[in-house]
Structures are given as C-alpha cells and as structure tokens.
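Numbering (UniProt numbering), first residue to last: 1 to 156. Even glycine gets a Cβ: it sits at the ideal position worked out from N, Cα and C. Read the structure below first, then the notes.
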C-alpha cells in the first residue's frame, strides 16, 4: 500500500503543476490580446515562464526514471555500492572518513576502466556519499548516457 503513495503524490503534484502552467498560459494569451503594451509584455512573460516550468518538470521526471532504470540494472548486475559496513552518523549519513575510503576504492576502479558506465555509476554514488553532489551528478549523467548507448547497441 505505502509503495503506491509516493507515485500517486508525484502524479498529483505534476497534474497540479500542469494545471497551473495551463492557467498561466491562458492568462498570457489574454494579456497578448490586450491593447496595452505592458499587458502584452506580461503575457509573453507568463507564457515563457509556463513553458519553461513545463520543460523543467519534464526534464526532472525523465531524469528520475532514467536514474531508477540505471540503478535497478546496476543492482541486478551486482554493481551497487555496498555501504552496509560503513560507519554512520545518527542521522544515517555515512561518516566522512568512511565515505572518503569508499571513494578512494571506487576511484581506483574508475581509473582502471573509465569508459564503463557501471564504474561511472559507482563513482557517481561514491561522490554523492562523500558529499560532492555536483561531481556525482556529472558522473551519473555519463553513466546514464553510457548505459543508454550500450542498450541501443545491444538492440542492433
């Protein structure tokens, strides 16, 4: 039962945002029909903001699904990082020293095989555990692209 709550909430939030974007576009169109220059400017601005918001929601949802797919595949192939033995804070986050040791281990794997999406995925997760989320996102994008290329090549 609880596993359906998050997806249902996600769908409700997305539908609410799409409704809001639709209302913004409607207001923007109404502004464009006005004879006032400022209202036309606000109308253009509302339409641009609504389209930008819809695009950002699309990118966020698409990236979330790609990350779920690559995580499931890495887990199924045995490439998920094992963090069960690492020292943790009371909040559950991995202690910096343990995360740094994990990162050092995974970065050696990456140096040995930098073009493998599985190793890039592991490095991205290690960066995340070490607190460097910007680099983690960078390597996760590389891993997602590598996995997609491998999947495309396997289809022929």
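**Message:** Measuring alpha carbon to alpha carbon, tell me which residue in 7, 38, 45 is nearest residue 25.
**Reply:** In terms of CA proximity to residue 25, 45 leads the group 7, 38, 45.
**Request:** Check residue 151 in the structure and name its three-state DSSP category.
**Result:** Assignment of residue 151 by DSSP, reduced to helix, strand and coil, places it in the helix class.
**Asked** How is residue 137 classed by DSSP in three states: helix, strand or coil?
**Response** The three-state reading of DSSP puts residue 137 in helix, counting H, G and I together.
**Request:** Could you tell me which of 43, 23, 38 sits nearest to residue 32, measuring between CA atoms?
**Result:** Per the Cα distances, 43.
**Message:** Quick test of your reading: residue 54 and residue 21, contact by CB under 8 Å. State the CB separation rounded to the nearest angstrom.
**Reply:** That pair is a contact at about 5 Å.
**Asked** How many Å lie between residue 71 and residue 119 at the Cα?
**Response** Cα-Cα distance, rounded: 12 Å.
**Asked** Does DSSP put residue 88 in a helix, a strand or coil?
**Response** Residue 88: strand per DSSP, three-state reduction.
**Prompt:** With a Cβ-Cβ cutoff of 7 Å, do residue 106 and residue 122 count as a contact?
**Reply:** The Cβ atoms of residue 106 and residue 122 lie closer than 7 Å to each other.
**Request:** Give a yes or no on whether 7 Å exceeds the smallest Cβ distance from residue 150 to chain D.
**Result:** The chain labelled as chain D is not found in the depicted structure, where only one protein chain is given.
**Request:** Count the CB pairs spanning the region 77-94 and the region 51-69 that are closer than 8 Å, and state whether there are at least three.
**Result:** No, they do not touch.
**Message:** Tell me the residue span of the alpha helix (DSSP H) that contains residue 10.
**Reply:** Run containing residue 10: 5-33, per the alpha helix (DSSP H) assignment.
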